[in-house]
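Note sheet for the following structure.
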Amino acid sequence: MEEAYRLILANGPWPNISLLQPQCERAVQVIACDGALDRALAADLPVDIVIGDMDSVQNKTLAEFLKQGGEVVEIKDQESNDFTKAVNYCVEKGQTRLVVFGGLGHDLGHEWGNILTSVASNLQIEMVHDGKSIRTLEKDISYSIEMTPGEEFSLFAIPFCDGISLTGCSYELHQHRLEMGSQGVHNIAKEKQLQLSFEQGALVMIKSLR
182 MEEAYRLILA NGPWPNISLL QPQCERAVQV IACDGALDRA LAADLPVDIV IGDMDSVQNK
242 TLAEFLKQGG EVVEIKDQES NDFTKAVNYC VEKGQTRLVV FGGLGHDLGH EWGNILTSVA
302 SNLQIEMVHD GKSIRTLEKD ISYSIEMTPG EEFSLFAIPF CDGISLTGCS YELHQHRLEM
362 GSQGVHNIAK EKQLQLSFEQ GALVMIKSLR
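Numbering (my numbering) for the sequence shown: 182 to 391.
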């Protein structure tokens, strides 16, 4: 999470506030999804924008947030959840790098919906929960990903990934086609950095956070 990023607070499980606070403070902008604003203000987390249909957040919280100079973006579309609304807002604003807390670890349907929303956005999105990171990657970018030698990671193509090149690990790939399935599960880092790029498709990386 060393690159400049916007941070989204969804309304699922969060880590300890002592861990979340510095991530919010380092973010270029913090966006709360609807009812997550109640929890954020109660925990004294900095929030710049609240986005959603405003059916969950308390009116007194909104009033206090506006008094503090916060921005409210109300979107009544019932075809998408509040996380999708926040991601679409970031797409419209030209933002490319997002870190998400609260998007995983609750209702399984919402969790999968949030993951697939992240993939479909074509943004670089990292969803963090319980010491794990689910990260969507973009084509035509050369990634240097910090790892610990011996650390496991998995790559998943949705639905495919062409021209993938991967070095610094046990199972290296060179202009490979990765299909949707288990082929990319449980690779092992051999170097302190993975070098990764691909030409077509969508790719998701799952790894532990140190």
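Built from N, CA and C at the ideal position, the CB exists for glycine as well.
Worksheet entry | Presumed contact (8 Å Cβ cut-off) between Ala191 and Ala217, rounded CB distance | 6 Å
Worksheet item: Taking buried to mean at least 16 other C-beta atoms within 10 Å of its own C-beta, is Asn368 buried or exposed?
Response: buried
Worksheet item: Three-state secondary structure (DSSP) at Asn240?
Response: It is helical.
Discussion item. Quick check on the DSSP output: the beta strand (DSSP E) that includes Leu354 runs from which residue to which?
Written reply: 354-360 is the extent of the beta strand (DSSP E) around Leu354.
Worksheet item: Is there contact between the region 275-294 and the region 342-357, where contact requires at least three CB pairs shorter than 8 Å?
Response: no
Discussion item. Between which residues of its own chain and Lys371 is the CB-CB distance below 7 Å, once the five residues before and five after are set aside?
Written reply: Its chain contains Pro330, Gly349, Cys350, Ser351 as the residues whose beta carbon lies nearer than 7 Å to that of Lys371, once the 5 sequence neighbours on both sides are disregarded; these appear in chain order.
Practice prompt. Tell me whether the beta-carbon of Leu304 lies closer than 8 Å to the beta-carbon of Leu279.
Written response: yes
Discussion item. Measuring alpha carbon to alpha carbon, tell me which residue in Met328, Met361, Tyr324 is nearest Pro340.
Written reply: Met361
Practice prompt. Please report how far the alpha carbon of Gly344 lies from the alpha carbon of Glu206, in whole angstroms.
Written response: Distance from the CA of Gly344 to the CA of Glu206, rounded to the nearest whole angstrom, comes to 37 Å.
Discussion item. Given this structure, state the Cα-to-Cα distance separating Leu384 from Ile256, to the nearest angstrom.
Written reply: 29 Å
Practice prompt. Measure the Cβ-Cβ separation of Gly193 and Val228 and say whether it is below 8 Å.
Written response: no
Fill in: Euclidean distance between Cα positions of Asn240 and Gly312
Roughly 33 Å between the two C-alpha positions.
Worksheet item: Going by alpha carbons, who is nearest to Thr317 out of Ser299, Glu333, Ile326?
Response: The residue with the shortest Cα to Cα distance from Thr317 is Ser299.
Discussion item. Less than 6 Å between C-beta atoms, sequence neighbours within five positions excluded: which residues of the same chain meet that for Glu353?
Written reply: If you ignore the 5 residues before and after Glu353, its C-beta comes within less than 6 Å of the C-beta of Leu347, all in its own chain and listed in chain order.
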